[in-house]
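Which chain is which? The protein sequence lines are C and U, in order. Numbering that gives the first Met the number 0 applies: residue 0 is where the first sequence begins, and numbers increase by one. Numbering that gives the first Met the number 0 applies: residue 0 is where the second sequence begins, and numbers increase by one. Report on the following structure.
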Amino acid sequence: MMDNSSTLHLALPAVHTAASATAPPSLAQPRAFSTSVNPLVFFSILDHYLRRNAGQDRVIGTLLGVRSEDGSEVEIKGCYPVPHLETEDQVEVDMEYHRTMFELHKQVNPKEVIVGWYATGAALNSYSALIHDFYQKEVSSFPAVHLTMDTALTNERLGVKTYISAPVGITSKADNCMFIPIPCDVKYFKAERAGLELLANAKSTESGPTSLLSDMDNLEQSVIEVQKMLERVSEYVDSVLAGTIPANNTVGRYLMDTVSVVPKVDAAEFEKMFNSHLQDLLMVIYLANMTRTQLAVAKRLEKLM
Amino acid sequence: MPSNKELSAALDIEGTVPIHSVQLDAMVVLKIVKHCRESIPATVTGQLMGLDVNGVLEVTHSFPMPKNNQDSEDDASNYQVQMMRCLREVNVDDNSVGWYQSTNMGNFMNQSLIEHQFEFQQALSKSVLIIHDVARSSMGNINLRALRLTPAFMKLYKEKKFTTEALTKAKLTFSNIFEELPITIRNTALLTALLYELETADESVEVSTSHLTTYKSTASAPASKSVLAPSFDVLDLSLDPYVAKNLENLMDTIDDHHQEQGNYAYWQRSVERENKKKAAYLLNRKTENARRAQSGQAPLANEDVDAMFKTPAEPSRLDHLLISGQIDNYCKQINEFAGPTLGKLFAVGELQK
Numbered sequence: 000m001m002d003n004s005s006t007l008h009l010a011l012p013a014v015h016t017a018a019s020a021t022a023p024p025s026l027a028q029p030r031a032f033s034t035s036v037n038p039l040v041f042f043s044i045l046d047h048y049l050r051r052n053a054g055q056d057r058v059i060g061t062l063l064g065v066r067s068e069d070g071s072e073v074e075i076k077g078c079y080p081v082p083h084l085e086t087e088d089q090v091e092v093d094m095e096y097h098r099t100m101f102e103l104h105k106q107v108n109p110k111e112v113i114v115g116w117y118a119t120g121a122a123l124n125s126y127s128a129l130i131h132d133f134y135q136k137e138v139s140s141f142p143a144v145h146l147t148m149d150t151a152l153t154n155e156r157l158g159v160k161t162y163i164s165a166p167v168g169i170t171s172k173a174d175n176c177m178f179i180p181i182p183c184d185v186k187y188f189k190a191e192r193a194g195l196e197l198l199a200n201a202k203s204t205e206s207g208p209t210s211l212l213s214d215m216d217n218l219e220q221s222v223i224e225v226q227k228m229l230e231r232v233s234e235y236v237d238s239v240l241a242g243t244i245p246a247n248n249t250v251g252r253y254l255m256d257t258v259s260v261v262p263k264v265d266a267a268e269f270e271k272m273f274n275s276h277l278q279d280l281l282m283v284i285y286l287a288n289m290t291r292t293q294l295a296v297a298k299r300l301e302k303l304m
Numbered sequence: 000m001p002s003n004k005e006l007s008a009a010l011d012i013e014g015t016v017p018i019h020s021v022q023l024d025a026m027v028v029l030k031i032v033k034h035c036r037e038s039i040p041a042t043v044t045g046q047l048m049g050l051d052v053n054g055v056l057e058v059t060h061s062f063p064m065p066k067n068n069q070d071s072e073d074d075a076s077n078y079q080v081q082m083m084r085c086l087r088e089v090n091v092d093d094n095s096v097g098w099y100q101s102t103n104m105g106n107f108m109n110q111s112l113i114e115h116q117f118e119f120q121q122a123l124s125k126s127v128l129i130i131h132d133v134a135r136s137s138m139g140n141i142n143l144r145a146l147r148l149t150p151a152f153m154k155l156y157k158e159k160k161f162t163t164e165a166l167t168k169a170k171l172t173f174s175n176i177f178e179e180l181p182i183t184i185r186n187t188a189l190l191t192a193l194l195y196e197l198e199t200a201d202e203s204v205e206v207s208t209s210h211l212t213t214y215k216s217t218a219s220a221p222a223s224k225s226v227l228a229p230s231f232d233v234l235d236l237s238l239d240p241y242v243a244k245n246l247e248n249l250m251d252t253i254d255d256h257h258q259e260q261g262n263y264a265y266w267q268r269s270v271e272r273e274n275k276k277k278a279a280y281l282l283n284r285k286t287e288n289a290r291r292a293q294s295g296q297a298p299l300a301n302e303d304v305d306a307m308f309k310t311p312a313e314p315s316r317l318d319h320l321l322i323s324g325q326i327d328n329y330c331k332q333i334n335e336f337a338g339p340t341l342g343k344l345f346a347v348g349e350l351q352k
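Rendered as structure tokens:
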């Protein structure tokens, strides 16, 4: 599959050259080189893109992260933007800025290292190759990762692609390289997951900002979700029994497994557990409220003085 | 485009419009959560940047502060200045509007926090403190609070006098140290697009390299691949760890409170003693004078009584305020936790039937 641009995008199982430079040569299979990204990185890239100077088509920045011991798994945890200038015949990257920001970031997160760079806009051109070369020098022995985010929304999606580069061609010039796509995953903490859900709820309300949910509301939403899921499943089961939908054995088995996970507890046992749990909770609530009342009374008394 | 006059009114250059709510950018929320999460159990801080428009404080960016306490003040401010300079180059609003702090189980009311916030609010009237509770957020709902010191408290803190009468005069109690502002979260349009995509994307983020270099199986159930598949952490029934920790903290704070009370009582007793001594001395004087007047001698000069019996100064009630506020906070937390938990408990009871 050849392009008209000066860089070839070819799908080749040639990760050998890049990744297994660090893997022991006795490995029979090439180790898969993959990346995982924290969604915060996407958000930052979009934010940077929104703030770009007028006339700039794409923006670049540095990716920070950690890599696994054998160098084949890279986890991209953070990023920062780097000002750069692209004209017809040359490209400039503010290296000083890049170094300064890295020093500053290191003060907060000493474990994160430079793992690559990002750019908005899906095109890969010779400038990309040059910039990639620069970053490759920064990353030293491991292959640098290049992440692109298609903010022009071609095909109506924000395509995110990650690449590493391998030299190709006869002469080893900086821009004789090939960008090989590598798989990319999205990884985050559990708490961030709650944040993402909150933001996802925001997207359904029209444009305006959403407010934080109280715990009760959050619970209510989750319960409604579960209810909906149960309804869907029971509808499906009903229609299979009525014969309108062909039965699928895998789905049926999966459902049976799920239902049997509910622990079968003897009614009396359950009563006992339920009651003791409830009593614990109520006692704690009572004590807490009593303390609060005490404080409120003290407050009134002080005011009277 | 709003005219210049409208814009300057919106931007409130004189600083007369009070802030009534805080609007956080989605990115800021994630950044705060990530930073606090990575550094538990230590508490960490960071700076917030943005602009206040029409009484709403919009926070558009944030960055974490390094947490080495041994460094001098200069290092921290150096870092901050450098960071802001760099951010300005990439067109980020470099207007500082507040700071955030992580906390564990809500134990954030202490002297250093108040001092820091006071100085911040003194320098910038439009500033806010955001508290993120890491422990509570792990239960399925992000916990963020925006706080400011009330003006009454600011005035009192400036004078540094926290006697009981000063407090009663200003009508200051532990519940109006902080005022809480509602938080809203804003998503930009591109971000909304991203969120939609993350929800539907199983393979789009994973590029079509399934036959290439990956040995991951892409044949697993689609629901688990999607980033925003529902999580049900919030439906967890365990009560012990959270409540136990909360109660422990509560008991510790009550012990502190008790100590404070002890101190106050001691002071009161010593004032009593001094007063009694003073009264006794005066009485002595009077009888002495009466006796002298009887025997025709000149009365003794009335010495300065007050200089002889110095009443000890009243201890600052600030700690007492903070401790009471903290206790109140813990109790409120238990209440807030109890609500959903009772709901869950009864739901499970119903399911069992």
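Every residue, glycine too, gets a C-beta built ideally from N, C-alpha and C.
Straight across, the Cα-Cα distance linking PHE336 (chain U) with ASP327 (chain U) is about 14 Å. Against chain C, a Cβ distance below 8 Å from ASN90 (chain U) picks out ARG50, ARG51, ASN52. At a cut-off of 8 Å, the C-beta of ILE176 (chain U) has no neighbouring C-beta in chain C.
For the pair THR257 (chain C) and GLU270 (chain C), the Cα-to-Cα distance works out to about 24 Å. When DSSP assignments are scanned along the region 21 to 55 of chain U, the uninterrupted stretches of beta strand (DSSP E) that are 3 or more residues long and fall wholly within it turn out to be 44 to 52. Judged by DSSP secondary structure, ASP132 (chain U) falls outside any alpha helix (DSSP H) and instead within the beta strand (DSSP E) spanning 127 to 132. Cβ proximity to chain C below 8 Å picks out GLU37 from the region 37 to 57 of chain U. Interface with chain U (8 Å Cβ-Cβ cutoff): GLU230 (chain C) is excluded.
Here ARG98 (chain C) is not bridged, per DSSP, to any residue. Under DSSP, TRP266 (chain U) forms no beta bridge with any residue.
DSSP places PHE273 (chain C) in the helix class (H, G or I) of the three-state scheme. Under the Cβ distance rule, ALA287 (chain C) counts among the residues neighbouring chain U, one pair being separated by less than 8 Å. In the DSSP annotation of this structure, the continuous segment of the beta strand (DSSP E) that includes PHE177 (chain U) starts and ends at 177 to 180. For ALA118 (chain C), the secondary structure class from DSSP, reduced to helix, strand or coil, is strand. In chain order, LEU103, GLN106 make up the part of chain C whose C-beta sits under 8 Å from the C-beta of TYR78 (chain U). The beta carbon of PRO142 (chain C) does not come within 8 Å of any beta carbon belonging to chain U, so the residue lies off that interface.
Put simply, the region 86 to 105 of chain C touches the region 123 to 132 of chain C. At least three CB pairs are less than 8 Å apart. Using a Cβ-Cβ cut-off of 8 Å, PHE173 (chain U) counts as an interface residue toward chain C, since at least one Cβ of chain C sits closer than that to its own. In this structure, DSSP gives ILE163 (chain C) an extended state, which the three-state scheme calls strand. Annotated three-state conformation of PHE62 (chain U) is strand, per DSSP. The C-alpha of VAL58 (chain U) is placed about 42 Å away from the C-alpha of CYS176 (chain C). With respect to the 8 Å criterion, LYS302 (chain C) and LYS309 (chain U) are not classified as neighbours on the basis of their beta carbons.
Judged by beta-carbon spacing, PRO80 (chain C) lies within the 8 Å limit of GLY60 (chain C), meaning their Cβ atoms are closer than that value. Rounded to whole angstroms, the gap between the alpha carbons of LEU229 (chain C) and PHE345 (chain U) is 18 Å.
Contacts with chain U at 8 Å (Cβ-Cβ) do not include ARG66 (chain C). Assignment of LEU123 (chain U) by DSSP, reduced to helix, strand and coil, places it in the coil class. Only residues of its own chain outside the window of five on either side were considered, and among them SER33 have a CB closer than 6 Å to the CB of PRO182 (chain C), listed in chain order. Cβ-Cβ separation between VAL283 (chain C) and VAL242 (chain U): approximately 6 Å, consistent with a contact (criterion under 8 Å). Counting other Cβ atoms within 10 Å of its Cβ, GLY324 (chain U) reaches 16 or more and is therefore classed as buried.
Against ASN283 (chain U), chain C offers no close residue; the least beta-carbon distance is about 32 Å (beta-carbon pairs closer than 8 Å). Straight across, the Cα-Cα distance linking ALA122 (chain U) with PRO17 (chain U) is about 15 Å.
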